[in-house]
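Heads up, the thing below is written out as structure tokens.
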Amino acid sequence: MANWSEIPRELVRKVASEHAETMEDFEEIGKLTHRRFYSLSKHMFQKINLPQHDDDDDDDDDHVRYFSSKGWLISVSMKNRNITLLDPASGKVIKLPTVPLNMLRCGGDWYDDSYLGYFSKFILSERPSSCDGDFTVAMMFDGTQQLVFWRPGEQKWTKPVVDFDINWVLDTCFFNGEFYAIDHLGKVMAFGSEISNRQPRIVVDLIDKGVLFEQTDGKFYLVEVESKLLVLHRHHLLLEDDEINPENTNEVCWTICFEVVELNVDDGKVKSVEGVGNRAIFIGLNSTFSVEASSGKRGCKPNCIYFTDDNCEHYHTEILGGESDMGIYSLDKGKLIERFYEGPSQFCFTTPPIWVERRGNI
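In UniProt numbering, the protein residues as written are 1 to 362.
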């Protein structure tokens, strides 16, 4: 058997990136990196090995950003621009096409360290391990405000063909056989599918409906809860420069409340929702999801929204900081009931904290 330590490092990298199919393969021929996962049900941290992209000559993975959807992780590397889908539970690895720079760039000069900042979310239609390879990945770009899709067997990411404008997309979800997205102005779009036998369309404009004011703040999220599509409106309080604590400059943007409405995707009608019963909703840079919480087995509170800080612009500057806006909002009490972290930033700006949905427990 070959001794990988005696093979030139560049060749090992090439073999690992082009031929490794599972985490065991990566462990055999390349390096692994560690990530810590906190279990809400077990109240403990677990260190999990993840394959390292080896984009640089150093031994860390500061140049890799992670996202999550349906229990899978999506990693994006900087210099080689590798995109990898991996399952922490089974070790399965799926390599996705790279993204051409002209698809990401808005114009101007290109810098390698800007690459990771262009990605905002990845959303899976199904868990790849449970659908025999029949799944779709949706990817959101923060830089060019685009949404693209990929399916197994395709060689590149594809933009949706629609007859309406797609603005700055804030969230996307897969619901009733098709992808839905919501932009920063509260417009909900559907992208159709052969399964649902529907064409791409505008489902509703929440400003035209009178649900939102024309000048609104915060962010929007889409989530399926008990076979219903909900729209979450997260309201932020942005501090002025003279209000920022000089000893903790990452406290610049706070979540103050949430509004929830149910959307009928057939007729575009919406109605206010006071709560989500025994469900808990998880939002952030992960794909938005909900879980059953009343049994206590998952370690989360029912009728609550668990949120992390997804204001990415605050992670990329030492002046503004970021990362403090994480906690639990009770829909029943109509207020924030717990903050996860307060104090100086201790998180990696490359991969901010995200929720990872797991089979069985969180």
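For every residue, glycine included, the Cβ atom is placed at its ideal position computed from N, Cα and C.
No experiment lies behind these values; they were computed from the predicted model shown.
Check: Below 8 Å between beta carbons: does that hold for residue 159 and residue 169?
Finding: The residue labelled residue 159 in the question sits at position 159 within the sequence shown. The residue labelled residue 169 in the question sits at position 169 within the sequence shown. Residue 169 is positioned such that its CB atom lies no closer than 8 Å to that of residue 159.
request  = Kindly list the residues whose CB is nearer than 6 Å to the CB of residue 204, restricted to its own chain and excluding five residues on each side of it in sequence; keep chain order.
outcome  = Position 204 of the sequence shown, counted from the first residue, corresponds to residue 204. Here the set comprises 188, 268.
Please report the residue range of the beta strand (DSSP E) in which residue 336 lies.
Taking the first residue of the sequence shown as 1, we reach residue 336 at position 336. 335-339 is the span of the beta strand (DSSP E), which, as asked, contains residue 336.
Can the beta-carbon of residue 233 be found less than 8 Å from the beta-carbon of residue 220? By 1-based counting over the sequence shown, the position of residue 233 is 233. By 1-based counting over the sequence shown, the position of residue 220 is 220. For residue 233 and residue 220, yes; Cβs fall inside 8 Å.
| task | Tell me whether the beta-carbon of residue 382 lies closer than 8 Å to the beta-carbon of residue 277. | result | With the chain covering 1 to 362 only, the question about residue 382 has no answer from this structure.
Can you give the beta carbon distance from residue 331 to residue 305, rounded, assuming they're within the 8 Å contact cut?
Here residue 331 refers to the residue found at position 331 of the sequence shown. Here residue 305 refers to the residue found at position 305 of the sequence shown. Their Cβ separation, rounded to whole angstroms, is 7 Å, which keeps residue 331 and residue 305 in contact under 8 Å.
| said: Once the 5 residues before and after residue 18 are set aside, which same chain residues still bring their CB inside 7 Å of it? | reply: Mapped onto the sequence shown, residue 18 falls at position 18. Reliability of the predicted coordinates at residue 18 is poor, the pLDDT of 48 falling under 50, and no value is obtained from them.
Practice problem: List the residues that DSSP assigns as beta-bridge partners of residue 222. | Solution: Residue mapping note: residue 222 aligns to position 222 of the sequence shown, counting from 1. 231, per the DSSP bridge assignment.
I'd like to confirm the pairing. Which residues does DSSP put opposite residue 138 in its beta bridges?
In the sequence shown, counting from the first residue as 1, residue 138 sits at position 138. Answer by DSSP bridge pairing, in chain order: 123, 149.
Inter-residue Cα distance where the pair is residue 357 and residue 311:
Residue numbering aside, residue 357 sits at position 357 when the sequence shown is read from its first letter. Residue numbering aside, residue 311 sits at position 311 when the sequence shown is read from its first letter. Roughly 21 Å between the two C-alpha positions.
Beta-carbon contacts of residue 351 that lie in its chain and below 7 Å, excluding the five residues immediately before and after | To locate residue 351, count along the sequence shown from 1; it is residue 351. Result list for residue 351: 65, 66, in chain order.
Assuming residue 189 is part of the beta strand (DSSP E), what are its boundary residues?
Translated into the one-based positions of the sequence shown, residue 189 becomes position 189. Looking at the DSSP string, the run of the beta strand (DSSP E) that includes residue 189 is 187-190.
_Just to confirm my understanding: we take residue 201, look at its own chain, exclude 5 residues before and 5 after, and list those with CB closer than 6 Å. What are they?_
As a working note, residue 201 is residue 201 in the sequence shown. Excluding the 5 residues flanking it on each side, residue 201 has same chain C-beta neighbours closer than 6 Å at 190, in chain order.
Q) What did DSSP end up calling residue 272 once you bin it into helix, strand or coil? A) Here residue 272 refers to the residue found at position 272 when the sequence shown is read from its first residue. Residue 272: strand per DSSP, three-state reduction.
If we ignore side chains and look at the alpha-carbon of each, how far apart do residue 339 and residue 280 end up?
For the purposes of this step, residue 339 is taken as residue 339 along the sequence shown, with counting starting at 1. For the purposes of this step, residue 280 is taken as residue 280 along the sequence shown, with counting starting at 1. Residue 339 and residue 280: Cα-Cα distance of roughly 16 Å.
- Query: So, helix, strand or coil for residue 39, using DSSP?
  - Reply: To locate residue 39, count along the sequence shown from 1; it is residue 39. It is a strand residue.
- Task: Could you check the C-alpha separation between residue 58 and residue 48 for me, to the nearest Å?
- Result: Residue numbering aside, residue 58 sits at position 58 when the sequence shown is read from its first letter. Residue numbering aside, residue 48 sits at position 48 when the sequence shown is read from its first letter. Note that residue 58 scores 45 on pLDDT, short of 50, meaning its location in the model is unreliable and no value can be drawn from it.
Exercise. Identify whether residue 237 lies in helix, strand or coil by the three-state DSSP scheme.
Key: On the sequence shown, residue 237 is found 237 positions in, with the first residue counted as 1. If DSSP states are grouped into helix, strand and coil, residue 237 belongs with the strands.
*What residues in its chain sit with their C-beta under 6 Å from that of residue 286, if we drop five residues either side in the sequence?*
Here residue 286 is taken as the residue at index 286 of the sequence shown, counted from 1. For residue 286, where only same-chain residues beyond five positions count, the Cβ hits under 6 Å are 68, 354, 355.
inquiry  = Considering just the uninterrupted stretch of the beta strand (DSSP E) at residue 86, what are its terminal residues?
reply    = Within the sequence shown, the letter at position 86 stands for residue 86. Start and end: 83-86.
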